[in-house]
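Engineer: Below is one structure. I have some questions about it.
Residue numbers (the working numbering): 20 to 316.
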């Protein structure tokens with residue numbers, strides 16, 4: 020098998036993962052409409068993902084060293100609790116378009132962190148240019164035909180926090196993925212994600228009755244979020260970061276708003292303007308450009 024062919028499955032895996040995360044916005048919106056809170060949705064989602072992952076990978080229970088255990092706790096915070104809660108809370112204070120655009124700057128922060136932490140791995144100029152092209156496409160997709168501009172410092176700062184958290188999570192996966200399986204890393208991430216989210220639940224104003232989980236729409240969307248958008252997507256993402264690197268796999272995050280845009284048009288019958296289609300094209304071109312000029316080591 021040729022080297023390019025051997026990495027194809029990891030490119031596909033990263034694409035599936037970010038597509039699931041793009042679709043998760045639709046499921047989250049449905050759950051919010053049924054009265055569930057942002058923290059509740061996150062906890063239900065990650066508890067389900069943890070239980071399913073534990074059935075598949077029950078052992079080992081702990082890492083080989085305290086340093087690795089602390090790194091996995093960091094993954095649970097940055098790739099779980101703080102990331103999702105900051106992102107969902109930011110929507111309450113600013114436009115969804117603002118939040119989406121700021122969060123998708125995570126690949127740029129990832130490239131910066133990799134360059135700072137790993138002197139032997141310099142980010143190629145082509146990867147940086149491709150990232151900015153894709154980011155421009157994200158701006159077109161998110162703003163679509165809207166010309167409304169609303170800036171709220173609190174909401175935008177929370178979205179920026181989410182982007183930085185995801186960059187830290189992607190870089191923290193790097194040393195762990197060389198030692199542990201993707202199933203183990205995902206399971207520990209879910210565990211620490213739920214554990215560190217419990218204080219946020221205590222600060223929540225109120226919670227929906229447990230009976231709401233018997234609703235078919237609620238159960239189906241929670242199953243999708245827990246099984247596909249969490250367990251499977253995180254496992255695929257861990258493999259992609261391991262074999263492609265944090266920078267190259269991070270560029271696939273730009274596909275997520277494209278998926279959201281298409282699903283909103285199909286399922287919610289929202290209008291897609293010419294600007295939206297141009298944005299989709301820019302994102303794909305940016306990804307191809309970044310792949311053509313790989314990270315220089």
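We put the CB at the ideal spot given by N, CA and C, even for glycine.
1. Could you tell me the distance, in whole angstroms, from the CA atom of residue 164 to the CA atom of residue 109?
2. Could you check what DSSP says for residue 34 in three-state terms: helix, strand or coil?
3. I'd like the ranges of any alpha helix (DSSP H) spanning at least 4 consecutive residues and lying wholly in the region 183-235.
4. Using a Cβ-Cβ cutoff of less than 7 Å, which residues in the same chain neighbour residue 151 once the five nearest sequence positions on both sides are dropped?
5. Excluding sequence positions up to five away, which residues of its chain have a Cβ less than 7 Å from the Cβ of residue 189?
6. Might you give, ordered along the chain, the residues of its own chain that have their beta carbon closer than 7 Å to the beta carbon of residue 253, omitting 5 neighbours on each side?
7. Between the alpha carbons of residue 186 and residue 132, how many angstroms are there, rounded?
8. Alpha carbon to alpha carbon, how far is residue 149 from residue 303?
9. Between residue 26 and the rest of its own chain, which residues show a CB-CB distance below 7 Å, the 5 nearest in sequence each way excluded?
10. How close, in whole Å, do the beta carbons of residue 12 and residue 80 come, if the pair is a contact with beta carbons under 8 Å?
11. Tell me the DSSP secondary structure of residue 82 in three-state form.
12. If I measure Cβ to Cβ from residue 51 and keep anything under 8 Å in the same chain, skipping five residues before and after, which residues do I get?
13. Please work out which residues of its chain come closer than 6 Å, Cβ to Cβ, to residue 155, disregarding the five sequence neighbours upstream and downstream, and give them in chain order.
14. For residue 96, which residues from the same chain have a beta carbon less than 6 Å from its beta carbon, with the 5 sequence-adjacent residues on both sides left out?
15. Is it buried or exposed for residue 28, if we count other Cβ within 10 angstroms and need 16 for buried?
16. Residue 153 and residue 306 look like a contact to me (Cβ under 8 Å); what is the Cβ gap, rounded to whole Å?
17. Using a threshold of 9 Å, state whether the C-beta atoms of residue 68 and residue 257 are closer than that.
18. From residue 275 to residue 198, what distance separates their C-alpha atoms?
19. Check whether the region 120-128 touches the region 228-239, counting contact only when three or more Cβ pairs, one atom from each stretch, lie closer than 8 Å.
20. Grouping DSSP H, G and I as helix and E and B as strand, with all else coil, what is residue 249?
21. Below 7 Å CB to CB, which residues in the same chain sit around residue 243 once its five sequence neighbours on both sides are set aside?
22. Does DSSP classify residue 281 as helix, strand or coil?
23. Quick check: the Cα distance between residue 44 and residue 196, rounded to an integer number of angstroms?
Structural biologist: Working from what's here:
1. As a working mapping, residue 164 is identified with position 145 in the chain shown. As a working mapping, residue 109 is identified with position 90 in the chain shown. Because residue 164 sits at a pLDDT of 49, beneath the cut-off of 50, its placement in the model cannot be relied upon, and the point is left open.
2. Locating residue 34 in the chain shown gives position 15, where the first residue counts as 1. If DSSP states are grouped into helix, strand and coil, residue 34 belongs with the helices.
3. For the region 183-235, whole alpha helix (DSSP H) runs of length 4 or above, ordered along the chain, are 201-222.
4. What you label residue 151 is simply residue 132 of the chain shown in a count that begins at 1. When the five nearest sequence neighbours on each side are left out, no beta carbon in the same chain lies closer than 7 Å to the beta carbon of residue 151.
5. Here the question's residue 189 lines up with position 170 in the chain shown. These residues qualify, in order along the chain: 129, 260, 265 and 269.
6. As a first step, residue 253 is located in the chain shown; it is residue number 234 there, counting from the start. Closer than 7 Å at the Cβ level, and outside the excluded window around residue 253, lie 205 and 208.
7. One-based indexing of the chain shown puts residue 186 at position 167. One-based indexing of the chain shown puts residue 132 at position 113. Going from the Cα of residue 186 to the Cα of residue 132 covers about 8 Å.
8. Position 130 of the chain shown, counting from 1, holds the residue named residue 149. Position 284 of the chain shown, counting from 1, holds the residue named residue 303. Going by the C-alpha atoms only, they are around 10 Å apart.
9. Start at 1 with the first residue of the chain shown, and residue 26 comes out as number 7. Within the same chain, residue 26 has close Cβ partners 262 and 263.
10. An answer regarding residue 12 cannot be provided, because it is not within the stretch 20 to 316 covered by the chain.
11. Residue 82 sits at position 63 when you count from the first residue of the chain shown. The answer is coil: DSSP assigns residue 82 none of H, G, I, E or B.
12. The residue you call residue 51 lines up with position 32 of the chain shown. Answer for residue 51: 57 and 60, listed in chain order.
13. In the chain shown, counting from the first residue as 1, residue 155 sits at position 136. Only 301 meet the Cβ criterion.
14. On the chain shown, position 77 is the one that residue 96 refers to. Counting only Cβ-Cβ distances below 6 Å, and skipping sequence neighbours, we find 215.
15. Numbered from its first residue, the chain shown carries residue 28 at position 9. Answer is exposed; the Cβ neighbour count stays below 16.
16. Against the chain shown, residue 153 aligns to sequence position 134. Against the chain shown, residue 306 aligns to sequence position 287. Under the criterion of beta carbons closer than 8 Å, residue 153 and residue 306 qualify as touching, at roughly 6 Å.
17. On the chain shown, position 49 is the one that residue 68 refers to. On the chain shown, position 238 is the one that residue 257 refers to. For residue 68 and residue 257, no; Cβs fall outside 9 Å.
18. For this step, residue 275 is matched to residue 256 along the chain shown. For this step, residue 198 is matched to residue 179 along the chain shown. Between residue 275 and residue 198, the C-alpha separation is close to 29 Å.
19. By the Cβ rule, the region 120-128 does not count as touching the region 228-239, because fewer than three pairs are nearer than 8 Å.
20. For the purposes of this step, residue 249 is taken as the residue at position 230 of the chain shown. Helix, per DSSP.
21. For this step, residue 243 is matched to residue 224 along the chain shown. Sequence-distant partners of residue 243 (beyond 5 residues in either direction) whose C-beta falls short of 7 Å from its own C-beta, in its chain, are 46.
22. Locating residue 281 in the chain shown gives position 262, where the first residue counts as 1. For residue 281, the secondary structure class from DSSP, reduced to helix, strand or coil, is helix.
23. Walking along the chain shown from the start, residue 44 turns up at place 25. Walking along the chain shown from the start, residue 196 turns up at place 177. Whole-angstrom Cα-Cα distance: 28 Å.
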